[in-house]
Amino acid sequence: MLQNASAKRVYVETYGCQMNVSDGELMEGILAARGYTIVENPEEADVVLVNTCAIREHAERRVLGRVSQLNGLKRENPDLVIGVTGCMAQRMGDDLLEKAPFVDLVMGPDSYRSLPQAIRGLDDKPQERKQLAVLAFHSEENYKGLEQRRSEGPSAWLPIQRGCNHRCTFCIVPYVRGPEKNRGPRDIVEEVRGLVKDGVSELTLLGQTVNSYSSEGIDFPDLLREVARVHGIRRVRFTSPHPIDVTPRLVEVMAAEDAVCEQLHLPAQSGNNRTLRRMLRRYTVEQLLEKIEMVRDAIPDIALSTDIIVAFPGETEDEFQDTLELMHTVRFDDAFTYKYSLREGTPATRLPEEDFIPPDEAQARLEQLIDVSRRIQAEINQDEVGRIEEVLIEKCGRHKGQVLGRTRRNKVVVFDGDPTLIGEYRRIQLERTTGATFIGAERLGSVGAVGV
Ligand code: SF4
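Going by the numbering used here, the first residue of the sequence shown is number 13, and it counts up by one from there.
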């Protein structure tokens with residue numbers, strides 16, 4: 013058995029959404045607390061965990077390829093433990109162990125608390141090691157009392173909710189992450205205070221439908237207000253909200269609290285009511301537009317982004333055109349665009365076969381959508397050239413001598429500067445745009461003065 017954890021080195025490689033990145037940090041935190049050393053590349057590790065995403069077929073294929081590559085490492089080092097965790101592990105379970113016999117462990121997102129025991133339970137002698145699948149759902153598991161191992165810096169992602177109570181017909185999440193589980197508000201605020209002590213000033217609250225949060229009589233607007241008022245927190249964002257829970261109270265808090273950024277990611281998914289109904293999104297285009305109007309009335313300078321899926325089974329050309337019309341009507345600052353991807357186990361797989369859109373047509377719709385969305389983005393950003401914005405510097409830019417940061421409205425800005433600026437706020441004038449990104453220059457003055 014792998015008894016001496018302190019001698020063990022673990023490498024965690026994460027794919028997929030920010031929730032998964034956060035889970036990767038949670039696994040590292042759990043293992044580090046048990047004496048494991050976290051290493052930065054798989055060649056140095058005794059245990060490699062591939063933390064996976066199941067949202068699209070393409071993501072799964074990529075992970076399967078990566079896991080096969082890691083088998084090469086195992087041939088050099090037969091003692092190496094390979095584990096697959098996360099949504100794809102939960103979805104494929106025993107099938108994955110069968111398809112990839114060199115994988116020792118599969119573990120779903122509700123079981124990370126038992127990760128150290130599971131690794132310890134694997135036999136040290138590779139020829140005697142039995143594959144292990146840990147896939148139970150735990151309806152109360154919100155990882156209370158466990159700490160993530162975060163990288164240093166002024167920005168942190170803070171999970172406040174796991175799982176989802178919706179059943180959008182295209183989505184695998186409820187089947188791999190289980191029903192919604194919310195953390196207690198006191199724990200969350202306590203953690204925020206701890207993060208501030210560690211130097212964090214920008215926070216993103218995370219949840220699958222983050223604004224449906226409710227725990228101990230506190231709902232999401234209450235929690236957002238509490239978090240925004242923690243001394244030392246300068247920026248708060250949240251993702252991803254569900255449109256049906258964008259309420260007047262939430263918008264009121266967003267508008268009233270200085271720390272809440274003027275930015276909202278609002279997944280629309282489609283601009284056609286029949287498609288939205290068949291996706292089980294629980295709102296109509298008209299209701300979505302009303303919500304957007306409410307947000308823009310309260311926060312006129314807000315930057316809006318969205319997610320759109322094209323070629324959902326049965327989507328007609330006219331219905332797709334409705335989505336393009338929505339893009340023109342709302343003029344989102346940014347859009348994450350996808351082709352429908354069939355996921356085994358989701359309700360949409362039961363739609364009649366003839367409804368499935370041929371790949372060429374789906375690709376053509378995606379390209380049209382990207383084209384429209386990029387043109388709108390470039391026009392909006394061109395209009396914003398000349399503004400002076402507060403930028404939080406995140407990392408070095410692609411070119412030497414440049415750094416990259418984000419405005420409160422989540423716009424990416426590159427400007428001349430050295431790496432010592434990383435983590436600082438600066439006052440930057442947006443001088444030009446490439447379409448999606450701004451090129452700026454630092455201006456003297458207080459970083460409090462923005463949006464000129
Ligand atoms: S709200 Fe819908 S799309 Fe979002 S995670 Fe839940 S089921 Fe998936």
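Virtual Cβ for every residue (Gly too), placed ideally from N, Cα, C. If you're wondering where the values come from, they're calculated on a predicted model, not measured in any experiment.
Exposure of residue i, with buried meaning 16 or more beta-carbon neighbours within 10 Å
{"i": "Gln160", "result": "buried"}
{"i": "Val464", "result": "Because Val464 sits at a pLDDT of 35, beneath the cut-off of 50, its placement in the model cannot be relied upon, and the following sentence gives the value as read from the coordinates. Val464 should be labelled exposed."}
{"i": "Gly47", "result": "exposed"}
{"i": "Ser163", "result": "exposed"}
{"i": "Leu127", "result": "buried"}
{"i": "Pro370", "result": "exposed"}
{"i": "Glu192", "result": "buried"}
{"i": "Pro312", "result": "exposed"}
{"i": "Arg205", "result": "exposed"}
{"i": "Lys351", "result": "buried"}
{"i": "Ser224", "result": "buried"}
{"i": "Asp116", "result": "buried"}
{"i": "Gly244", "result": "exposed"}
{"i": "Ser151", "result": "exposed"}
{"i": "Lys209", "result": "exposed"}
{"i": "Ala45", "result": "exposed"}
{"i": "Gly409", "result": "buried"}
{"i": "Gln281", "result": "buried"}
{"i": "Gln465", "result": "Past the boundaries of the shown model lies residue 465; the chain is included only from 13 to 464, so the question cannot be answered."}
{"i": "Leu207", "result": "buried"}
{"i": "Asp330", "result": "exposed"}
{"i": "Ala268", "result": "exposed"}
{"i": "Arg174", "result": "buried"}
{"i": "Asn393", "result": "buried"}
{"i": "Ser34", "result": "buried"}
{"i": "Gly84", "result": "exposed"}
{"i": "Glu401", "result": "buried"}
{"i": "Leu456", "result": "exposed"}
Residue i - DSSP class collapsed to helix/strand/coil
{"i": "Ile321", "result": "strand"}
{"i": "Ile50", "result": "strand"}
{"i": "Asp231", "result": "strand"}
{"i": "Glu25", "result": "strand"}
{"i": "Tyr124", "result": "helix"}
{"i": "His340", "result": "helix"}
{"i": "Ala347", "result": "strand"}
{"i": "Leu288", "result": "helix"}
{"i": "Asn63", "result": "strand"}
{"i": "Leu14", "result": "Model confidence at Leu14 stands at a pLDDT of 47, short of 50, so the residue's coordinates are unreliable; what they give is reported in the following sentence. Of the three classes helix, strand and coil, the one that applies to Leu14 here is coil, per DSSP."}
{"i": "Pro359", "result": "helix"}
{"i": "Leu278", "result": "coil"}
{"i": "Phe332", "result": "helix"}
{"i": "Gln299", "result": "helix"}
{"i": "Thr446", "result": "coil"}
{"i": "Glu55", "result": "helix"}
{"i": "Pro171", "result": "strand"}
{"i": "Thr97", "result": "strand"}
{"i": "Gly77", "result": "helix"}
{"i": "Ser226", "result": "strand"}
{"i": "Ile382", "result": "helix"}
{"i": "Ala240", "result": "helix"}
{"i": "Asn422", "result": "coil"}
{"i": "Glu269", "result": "coil"}
{"i": "Gly417", "result": "strand"}
{"i": "Asn194", "result": "strand"}
{"i": "Gln30", "result": "helix"}
Residue from the options whose Cα sits closest to the Cα of residue i
{"i": "Thr419", "options": "Tyr48, Arg246 and Asp136", "result": "Arg246"}
{"i": "Glu298", "options": "Asn284, Ala271, Asp309 and Leu292", "result": "Asn284"}
{"i": "Leu378", "options": "Lys412, Glu366 and Ser353", "result": "Ser353"}
{"i": "Glu327", "options": "Met339, Ser317, Glu337 and Met291", "result": "Met291"}
{"i": "Arg399", "options": "Arg439, Gly435, Val60 and Ile405", "result": "Arg439"}
{"i": "Ile200", "options": "Ala240, Val75, Glu436 and Thr446", "result": "Ala240"}
{"i": "Val97", "options": "Gln81, Ser167 and Ile131", "result": "Contrary to the premise, residue 97 reads as Thr rather than Val in this sequence. Here the closest residue by C-alpha is Ile131."}
{"i": "Asp395", "options": "His411, Cys408 and Ala448", "result": "Ala448"}
{"i": "Gly430", "options": "Asp330, Ile405 and Ile392", "result": "Note that residue 430 is Asp in the sequence shown, not Gly. Closest option to Asp430, Cα to Cα, is Ile405."}
{"i": "Glu465", "options": "Gln102, Arg87, Met31 and Gly95", "result": "The structure shown does not extend to residue 465, since the chain is modelled only from 13 to 464, so the question has no answer here."}
{"i": "Val228", "options": "Ser34, Asn194, Tyr437 and Lys156", "result": "It should be pointed out that residue 228 corresponds to Glu in this sequence rather than to Val. The candidate whose alpha carbon is nearest that of Glu228 is Asn194."}
{"i": "His254", "options": "Asn83, Val222, Val415 and Val248", "result": "Val222"}
{"i": "Asn310", "options": "Pro260, Phe332, Leu338 and Ala323", "result": "Residue identity check: residue 310 is Ala in the sequence provided, not Asn. Selected option, being the one with the closest Cα: Pro260."}
{"i": "Glu467", "options": "Asp135, Leu76 and Asn89", "result": "What the structure shows of the chain is the stretch from 13 to 464, and residue 467 is not part of that stretch, so it cannot be assessed."}
Chain C contact for residue i (CB, 7 Å cutoff)
{"i": "Arg237", "result": "Checking the listed chains, one finds no chain C in this structure; it contains a single protein chain."}
At least 3 beta-carbon pairs within less than 8 Å: the region 27 to 34 vs the region 67 to 81
yes
Between the region 102 to 113 and the region 139 to 147, are three or more C-beta pairs nearer than 8 Å?
yes
Any contact of the region 356 to 375 with the region 294 to 308, i.e. 3+ C-beta pairs under 8 Å?
no
If we count Cβ pairs, one from each stretch, closer than 8 Å, do we get three or more for the region 180 to 198 versus the region 133 to 141?
no
Closer than 8 Å is the cut-off here; do at least three beta carbon pairs connect the region 206 to 214 with the region 377 to 391?
Between the region 206 to 214 and the region 377 to 391, the count of C-beta pairs closer than 8 Å stays below three; the two stretches do not touch.
Just checking, does the region 315 to 322 make contact with the region 265 to 279 on the three C-beta pairs under 8 Å criterion?
yes
Tell me, please, whether the region 52 to 64 touches the region 335 to 354 by the rule of three or more beta-carbon pairs shorter than 8 Å.
Fewer than three Cβ pairs drawn from the region 52 to 64 and the region 335 to 354 lie within less than 8 Å of each other, which leaves the two stretches out of contact.
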